[in-house]
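Report on the structure given below.
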Amino acid sequence: MIINHPLLGPRDSAEFIYLGDASLIDRPDPEAENRDQAFYEYAYLRDNPAGEHRELWFHEGGDRSWLVVTRNTVTHEITEVEMARDVARTRGRST
Amino acid sequence: MRYSGFNVIKQALTGHKGWKPAWRDPEPQAHYDIIIIGGGGHGLATAHYLAKIYGQRKVAVIEKGWIGGGNVGRNTTIVRSNYLLDGNVPFYEFSLKLWEGLEQDLNYNAMVSQRGIMNLIHTDAQRDAFIRRGNAMMLHGADAELLSEQQIRAEYPFLNFNDARFPIKGGLAQRRGGTVRHDAVAWGYARSADSFGVDIIQNCEVTGFRIENGKCLGVETSKGFIGAGRVGCAVAGNSGRLMSMVGMRLPIESQVLQAFVSEGLKPVLPGVITFGAGHFYVSQSDKGGLVFGGDLDGYNSYAQRGNLPVVEDVCEGGMAVMPMIGRARLLRMWGGIMDMSMDGSPIIDRTPIEGLYFNGGWCYGGFKATPASGYVFAHLLAKDAPHPTATAFRLDRFQKGRMIDEKGVGNQPNLH
Amino acid sequence: MTQINRLGGGQIDRATTLRFSFDGKDYTGHPGDTLASALLANGVRLMGRSFKYHRPRGVLSAGSEEPNALVELRGGARQEPNTRATTIELFNGLFAKSQNRWPSLAFDALAINDRFSNFLTAGFYYKTFMWPAAFWEKLYEPIIRKAAGLGSLSMKQDPDAYDKGFRHCDLLIIGAGPSGLMAALTAGRAGAQVILADEDFAMGGRLLSETAPVDDAPALDWVSAALAELSSLPNVRLMARTTVIGAFDHGIYGAVERISDHMHTPDEGKPRQILWRIYAQKTLLCAGAIERPIAFENNDRPGIMLAGALRSYANRWAATPAQRIAIFTNNDDGHRTAVDLHAKGVKIAAVVDVRPDAPSSYDFEVLKGAQIVNTRGRLGLTFAEVKQADGSTRILECGALGVSGGWNPNVHLTCHQRGRPVWNDDLAAFVPGRDLPPGMAVAGAALGEFSTHGALKSGAAGAKTVLGLKGRLPKLPKACDAPVSQTAFWYVEGCARAWLDQQNDVTVKDVKLSHQEGFRSVEHLKRYTTLGMATDQGKTSNFGGLAIMAELAGKSIPEVGTTIFRPPYTPVAIGAFGGRMRGMEFHPTRLTPSHYWAKERGAVFVEVGNWLRAQWFPLPGETHWRQSVDREVRQTRASVGVCDCTTLGKIDVQGTDAATFLNKVYCNGFAKLAVGKTRYGLMLREDGMAMDDGTAARLAEDHFVVTTTTANAAKVYQHMEFVRQCLFPGLDVQLISTTEAWAQYAVAGPNSRRLLQKVVDPAFDISNEGFPFMACGNITVCGGLRARLFRISFSGELAFEIAVPARYGDALMRRLMAAGEEFDVTPYGTEALGVMRIEKGHAAGNELNGTTTALNLGMGRMVSKAKDSIGSVLSEREGLNEEDALLQVGIKPLNPNDKITAGGHLMAATGPIDAAHDQGYVTSAAFSPTMGSMIGLGFLKRGADRQGEKMRLVSPVTDLTVDVEIVSAHFVDPDGERLRA
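Chains as they are written, first to last, in our numbering: chain A, 5 to 99; chain B, 81 to 496; chain C, 79 to 1059.
The following block contains the structure:
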């Protein structure tokens, strides 16, 4: 596969390490009332879709960026690649 | 007709006219006591044991394609019980015992071949871990044998002892491990279940569940609604897709695992060999092909095919440990969808919906578990209580912190 | 022996004679020959035996689709089983043997299987060999295994090298026949970066085998001109002998180039093959078509071949299997073969055409509306039995029979991403479907364009379309444009032992039995009968089997569908996928800066991940490793030792939020750590399990240096970047791995300070007051060299770790050894390191095994409740906090001479020994010179309360049961006085 890195252009996926669903960015609030349930769901439950999937890849053999790759799990087509840091910020994680 | 040498000869002499279809091709009835979704190894085994052990006769197996078309027909055919943890060893040992009597039980030769499995050891830490594992196996009544480097050299003289980057320092053997002709497992269970009256309904896709007041009443299918007292799901690989129909999110990711077979060769390998310093395991089929595999591709996929980097990685491991295979040719590669669970162990349990039961999360170890998985799932479906060897495979174990993590890599499915 | 079946003409170099041997007999041939063509020219038809019935078989095809003529090529360690004679280029000294026969090809004892074939039908083995159960492995299976398989491996290490490489192009053209060449010309002239790959050693595809003119001249002239033009274009790369094996995601193709297979042995320094990963923007598949046979009784005798292959052998290789040949066809292409053979002087016995309206010929007899119903000849065809239109039987004497049932587009690669071909009624064949791999288009015969003109035109048009080129099609050479019509004719009615899959011995009867027994889907048919599972992947057999199954099921062929074509297109040497990553090159080897110094000292090294670390340093007279290790421990504890710990992961953490960041990744707190101080840190995974441990040294308010274990360095760095980028992107913190940048040494023992004082520049006070336990700082050594000093201890002694830029590591080590002479300094390796950390009760990899929590490790109180950190929430789950949780303990034998085994399990002192009574396990064990016995660390249920308890350590797999006592994990200096000295 080829991942089109937002900064470095197309790179072979062998340069990357896969982590999993990009929902791992959404770490729950450790102070929240339902934190036990929220952390359990965060750490363990997955949508696991057959189709479009937003997922985290780490450019270990490159600039060590974490990327959010939108990839179809049936066809492997990649439609979007973003810097995970930017995604995390837009989800309000920079506070 | 019973399968036997006598009948093979008799049929040969009378033009093979007497062989009947191995299983019927029935239309679904309106209602069954138990429906099993998934005509793979586990689903068909469940049906067999439901009928034979638990006396259930109004049972149907519903399969969206052809039976045996999923992972039971695409794997590296290895059977073993060389596990470490209490939640696993008794279950896999139970499975190995069922394998040992399978052919007589099914009247079908699945070619259960206990030629042994050998895990190679390359470091002291690995030896420590394998001693712990071997001890756990033996304490649970399974067989294990720790071999020295000298013993490995004697038994496997073709391994790389000359210029190995990671020298072989020993091995942990399970002599009762081995291989089984994978397709025959599906067909043998199907034929047996069918003979007890189980309806095997092929080309019938489940499109939804009918659930009223928190109770599952049956399934909607491409052949219409089929009612059921209890419904069991055994569709590993596609568990996420199926259970999303009832709104369940699972501790599972679907990932692709590739496997490989070489051209046919005269016998070279005595049993299964697992290379502990690379990602490579191999056996030789009765037809002569080297059947081998390695790591997952490592990403979520339902595509049933993988990519070159893992092909290369696996073959590099093969060349590192047994450089004699360099001139053997890789004939075919294929990819299966694995239900990769969050601790590398399966789930066999009730669901929050009454009457709906789940069997999945087999990672890439489902084939060896087929008989026991069918047996304990049949037990669960018949008695609504877990079988004693499968009490740990609960859906809520992640919430409770009771993971069964053989590799110790935690909630990252592609590392299991 | 003379080449009795050599014809005139052909593309062989008659000026040169090549000698070769097959099954011990010597023959001659010429450059340009394949092994198959040379054998045919020498009058050899019998080349192999089938898999199951050991039937005599000859060559069926002239290409990589060959199922029958498989040989063991070369000898010794280069023996190469199952090699298709049709693709082996002849070289001088070639040595080949037939395979899967005993004692000889002409007389094969296992041919007796053929007599019993009625008992050995499809799937018979599933129905018998079950009693008694134990006999399978002992009796039945060994017999079956010995009989099965094809060729044999040498059992020796493959001596040849393999290589890998990357190539990029705008357009990858697969196949250099008329469509591929025309596509390459079109794209090449337009300036596109083109790769044209063909599996054959000569480019031209079918044009090499045909007599029909192109541009009113021999087709070869046009091929030569096209290749000359393409060679002159710098943007076109021609890759002959290169098989594109698979279409992978995002336009990545695998291809194998056979660099040296046409030579006796590879040239010095050259690989045997190269695996190319071709990154193609677009791909045009011009893979041609494969002729399909017709099944009839005994259609597998040597001499019975595909008609198109006969034509290739005659036209391209000037070889024929016999001087008198019959043709069996259902289409005009069979007649073309007869015409060409006739023109070469081969006698045509007759053309048997199933069509009542077949064309006639002046040159040979055509039997219209006739079918071949049987054949004769034990080791080679002698007669063919024809049922004529009027029902009468006629016997044709012939040494070869060309069979043509039409052509199938070669759709293999179009299906590699699970696309399915679609049925085309006009061709009665499958053609590429719509769901091709993205970026791929198809042209020529692979698309169903069977005429030469059609192929040329579709090649040009295909290249234009796929590259989006503007303008008109280039001028095409004049070529045959006769319409090609094909009808389906799969098998002769009433036949039983008519072979579909010749290698796996699958007959029409087997397909019928499979249907009878309910194995009716294509996948079931394939698996039950093994149809199409041979080394040719059923290239010539699958469709015939499908057609028969469709007929039996009363369905159309497209309704039955096809099985999936999978990579590789043709089998690939495993060595090619392995490339250079074998032997010592399997993984990179990482060496520390003082590696060569350690080697000079005679160190024994051990693999730790990819690192090589010194395990111990034997001195003269030490004959057992324990002597060395015990001495290193004693010397260190008595005076001073030095250990290379460069391999520990080192991560530089900088930024105003560095402390806040470390508070997140470590379960214990770092915010209040003073500058100039170091703290032990335990890192949890989010699931609450211990992931790694190490130290974090605060060199400045906004600067920490973090260490990780050797094994987890990469994983921890990745995790920290995840926390930084994905979870807390707002923090002002930057990370960089500096593992390779610093050489680091532990200097341990009561004299460690005195030794270091000789090296550290005097400006720096490293006295206990000036540099107390857990201090850290930037210093200089040896007169101004910048260094870092940490007062931390893994051994339990007064100890320091000193780091210098990597290039000074070797020098520092030598300086420490020289300066330490007066203290009797010893270098120590990983073994002594391990012994000392076990004596001190420090957890390491064996304890941090991914299933242990801070609680298990006896560090439960370290998990700060005052702050959020990764893993803190999920570490509170009930299953991880049970009353009988495993806790780390020390273990020592009651009898000091007894052995402690890591991996042993802990049981009560009396009572049963089984899993139900398992109470824990030993993680690490070593002989402690300090304690004078073996000691161990382990995990035990309620371990904290059980010090002094007598238990049994059991290790059935090493046949050991030892009485042990549970003790504190801190065997040495439990109060830590030495550390602080």
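From the three backbone atoms N, C-alpha and C, an ideal C-beta is built for every residue, glycine too.
What you are looking at is a predicted structure, and each value in this text was computed from that prediction instead of being measured.
Is there a C-beta anywhere in chain A that falls below 8 Å from the one on residue i?
i: L330 of chain B; result: yes
i: P109 of chain C; result: no
i: V322 of chain C; result: no
i: F739 of chain C; result: no
i: P350 of chain B; result: no
i: G808 of chain C; result: yes
i: M422 of chain B; result: yes
i: P101 of chain B; result: no
i: P247 of chain B; result: no
Starting from the C-beta of residue i, find all residues in its chain whose C-beta is less than 8 Å away, skip the five residues before and the five after it, and write them out in chain order.
i: L297 of chain B; result: R290, I291, G307, A308, G435
i: L964 of chain C; result: T930, N934, G998, F1017, L1018, K1019, G1021
Please list the terminal residues of the continuous beta strand (DSSP E) segment that includes residue i.
i: M518 of chain C; result: 518-520
i: F326 of chain C; result: 320-326
i: A478 of chain C; result: 478-482
i: F372 of chain B; result: 369-380
i: N620 of chain C; result: Run containing N620 of chain C: none in the beta strand (DSSP E); it sits in the alpha helix (DSSP H), 620-631.
i: S334 of chain B; result: 332-344
i: F305 of chain B; result: 304-313
i: S176 of chain C; result: 172-176
Could one say the Cβ of residue i lies closer than 8 Å to chain C's Cβ atoms, at least one of them?
i: C395 of chain B; result: yes
i: R60 of chain A; result: As written in the sequence, residue 60 of chain A is Leu, which differs from the Arg given in the question. Cβ-Cβ to chain C under 8 Å: yes for L60 of chain A.
i: H1 of chain A; result: The structure shown does not extend to residue 1 of chain A, since chain A is modelled only from 5 through 99, so no value can be given for it.
State the start and end residues of the unbroken alpha helix (DSSP H) segment that holds residue i.
i: R831 of chain C; result: 830-835
i: V265 of chain B; result: 262-275
Would residue i pass as an interface residue toward chain B - the criterion being a Cβ-Cβ separation below 8 Å?
i: A88 of chain A; result: no
i: P645 of chain C; result: yes
i: L71 of chain A; result: no
i: R50 of chain A; result: yes
i: H983 of chain C; result: yes
i: S830 of chain C; result: no
Given residue i, which residues of its chain have a CB within under 7 Å of its CB, disregarding the five upstream and five downstream residues?
i: G214 of chain B; result: A224, L226, L252
i: E173 of chain B; result: S161, H220, G221, A222
i: K100 of chain B; result: M81
i: C493 of chain C; result: P499, I642, F643
For a contact meaning CB atoms closer than 7 Å, what does residue i contact in chain E?
i: D243 of chain B; result: The chain labelled as chain E is not found among the protein chains of the depicted structure, namely A, B and C.
I'd like the list of long-range same chain contacts for residue i, defined as Cβ closer than 6 Å, with 5 residues on each side in sequence excluded.
i: S193 of chain B; result: G258, T259
(request) With 9 Å as the C-beta to C-beta threshold (strictly closer), list the residues of the region 18-43 of chain A near chain B in chain order. (result) Contact annotation: in the region 18-43 of chain A, residues whose CB is within less than 9 Å of a CB in chain B are A18, I21, Y22, L23, G24, D25, D40, Q41.
(request) Using a Cβ-Cβ cut-off of less than 8 Å, give me the residues of the region 464-482 of chain B that come near chain A, in sequence order. (result) Of all residues in the region 464-482 of chain B, F478, Q479 have a Cβ within less than 8 Å of some Cβ in chain A.
(message) Assess contact between the region 445-457 of chain B and the region 83-98 of chain C, defined as three or more Cβ pairs (one per stretch) separated by less than 8 Å. Is contact present?
(response) By the criterion of at least three beta-carbon pairs nearer than 8 Å, the region 445-457 of chain B is not in contact with the region 83-98 of chain C.
(message) So, does the region 247-257 of chain C touch the region 270-286 of chain C, judging by three or more C-beta pairs under 8 Å?
(response) Short answer: they touch.
(message) Against chain B, which members of the region 227-252 of chain C pass a CB distance test of less than 9 Å?
(response) Those would be G227, L228, G229, S230, L231, S232, M233, K234, Q235, D236, P237, D238, Y240, K242, in chain order.
(request) Output, in sequence order along the chain, the residues in the region 330-345 of chain B whose CB is closer than 8 Å to any CB in chain A. (result) Per Cβ criterion, the list reads L330, P331, I332, E333, S334.
(request) May I ask you to list, following chain order, the residues of the region 181-194 of chain B that have a beta carbon less than 8 Å from some beta carbon of chain C? (result) Along the region 181-194 of chain B, the positions whose C-beta sits under 8 Å from a C-beta of chain C are G181, E183, Q184, N187, Y188, N189, A190, M191, V192, S193, Q194, read in chain order.
(message) Within 8 Å, do at least three Cβ pairs link the region 770-778 of chain C to the region 837-856 of chain C?
(response) Yes, the region 837-856 of chain C touches the region 770-778 of chain C.
(request) Could you please tell me which residues of the region 493-514 of chain C, in chain order, have their CB closer than 9 Å to any CB of chain B? (result) Here the close residues are H494, Q495, R496.
(request) Specify whether the region 716-724 of chain C and the region 803-823 of chain C touch according to this definition: at least 3 beta carbon pairs, one from each stretch, less than 8 Å apart. (result) Result yes; three or more Cβ-Cβ pairs closer than 8 Å.
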